[in-house]
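Input: a single structure, listed below in structure tokens.
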Amino acid sequence: MMGGEVKKFLYMNRKAPYGTVYALESLEVVLIGAAFEQDVTLVFLDDGVYQLIKGQDNSDSEMKNFSPTYRALEMYDVEKLYVGKEALEMRGLTEEDLLVDVEVKTADEIRDLMEEMDVVLSF
Amino acid sequence: MLHTVNKSPFEKNSLDTCLAHAKEGSAILLIEDGVYGATKGTAVSNKVQEAMSKFTVYALEPDVKLRGVADKVMDGVKLVDYAGFVDLAVENDKVQAWL
């Protein structure tokens, strides 16, 4: 990149993947951030954790299954994926249910993470 | 009467309001993000389990599969396809959609 400064970008994802377009739009913006070689962090809270669930299957549906894209993020050096502990628990989910490696973080830890960032983008 | 719920129970109170206002014996069909309400081990599972003694609870299978929760659906929830959705709409005299 041409002499650009690198900023720490946090993408805060709080919506389930298909009911609204937020999750898909977030992914698009994440890939743009990564293409500009920015320092990218993704957080998944509330229904956002459903974006990462294994086994999404659109074979009976007209919707596009964009979940494989999360597995490709690694190739764009997007490796910091954090998931809210409370969000998983209240949905009966564990890390085992997710299709990528993530770090599970408490609300306290995510609060600190947010403070470290230069830019926060909300989805 | 058929009640449909298309919002996640963790984001909106549509399911709660539906359960509070549906008459005993009604059919409740969970669609779109509403299908998360049909899954096991969540903060609302007990409530839905209890509701199944008063109502017949259905979930739209294509929406369940798309969202990756097919192996997490609670016992007692009946999965229907789009044709089943149509049947429910025809069998019931009215439809209330809790949006």
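So the protein lines, in turn, are chains A and B.
Under numbering that gives the first Met the number 0, the first residue of the first sequence carries the number 0, and numbering increases by one thereafter.
Under numbering that gives the first Met the number 0, the first residue of the second sequence carries the number 0, and numbering increases by one thereafter.
Yeah, the Cβ is synthetic: ideal placement off N, Cα and C, and Gly gets one too.
Bear in mind the structure is a predicted one, so any value in this text is a computation, not a measurement.
Length-filtered (3 minimum) beta strand (DSSP E) runs lying within the segment 3-42 of chain A
7-12
Spatially closest choice to B:Gln48 from B:Asp86, B:Gln95 and B:Lys77, by CA coordinates:
B:Lys77
Using a Cβ-Cβ cutoff of 9 Å, what residues of the segment 11-25 of chain A are near chain B? List them in chain order.
Listed in sequence order: Arg13, Lys14, Ala15, Pro16, Tyr17, Gly18 and Thr19.
Under 8 Å, do A:Val48 and A:Ala22 count as touching if we go by C-beta distance?
Between A:Val48 and A:Ala22, the C-beta gap is not smaller than 8 Å, which leaves the two residues out of contact.
Spatial neighbours of B:Asp32 within its chain, please: C-beta separation below 6 Å, excluding the five flanking residues on both sides.
Taking C-beta separations shorter than 6 Å and ignoring five residues to either side along the sequence, the partners of B:Asp32 in its chain run Lys6 and Ser7, following chain order.
Measuring straight from C-alpha to C-alpha, what distance separates B:Leu29 and B:Pro61?
11 Å
Please say whether A:Phe122 and A:Lys14 have beta carbons closer to each other than 8 Å?
yes
Nearest neighbour of A:Thr68, chosen from A:Phe43, A:Glu108 and A:Leu30 [CA to CA]:
Among A:Phe43, A:Glu108 and A:Leu30, the Cα nearest to that of A:Thr68 belongs to A:Leu30.
Report back the beta-carbon spacing between A:Phe43 and A:Leu120 to the nearest angstrom; my notes put them in contact at under 8 Å.
Contact between A:Phe43 and A:Leu120 does not hold, since the beta-carbon distance rounds to 14 Å and is not under 8 Å.
Kindly list the residues whose CB is nearer than 8 Å to the CB of B:Lys22, restricted to its own chain and excluding five residues on each side of it in sequence; keep chain order.
Met0
Ends of the beta strand (DSSP E) at A:Val82?
Lys79 to Gly83
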